[in-house]
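Input: a single structure, listed below in structure tokens.
Residue numbers (the numbering used here): 3 to 81.
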């Protein structure tokens with residue numbers, strides 16, 4: 003049985019009071035993908051109630067979003 007294609011992640015930008023911006027997108031089961039600056043790069047994280055894991059460190063926002071989408075393609079089965 004094939005799954006329906008997953009809808010793309012929808013990103014929102016959050017601005018901290020110190021000027022740092024973080025992007026977030028909701029995944030399934032109350033989980034989130036986060037993109038945040040880290041040591042001169044961007045860190046892509048997957049955060050859920052049971053885990054908070056770095057899934058990639060990349061140079062650009064586009065690369066970060068591609069990494070999150072690739073992870074979601076594998077693990078996020080929303081329709």
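Where is the CB? At the ideal position from N, CA and C, for every residue including glycine.
Computed from a prediction, not measured in an experiment: that's the story for all the values here.
On a Cα-Cα basis, can you pick out the residue from the options that is closest to residue i?
i	options	result
residue 66	54, 40 and 50	40
residue 51	12, 8 and 32	32
residue 61	10, 30, 38 and 11	38
Taking 8 Å as the cut-off, decide whether the C-beta atoms of residue i and residue j are in contact.
i	j	result
residue 36	residue 49	yes
residue 55	residue 68	no
residue 27	residue 34	yes
residue 7	residue 71	no
residue 29	residue 58	no
Is any heavy atom of the ligand PLP found at a distance shorter than 7 Å from the C-beta of residue i?
i	result
residue 8	As for the ligand PLP, it is missing from this structure, which has no ligand bound.
Go through its chain and collect everything with a Cβ distance to residue i's Cβ below 6 Å, but skip five positions before and after it.
i	result
residue 15	23 and 25
residue 13	25 and 27
Going by DSSP in three states, residue i sits in which element: helix, strand or coil?
i	result
residue 47	strand
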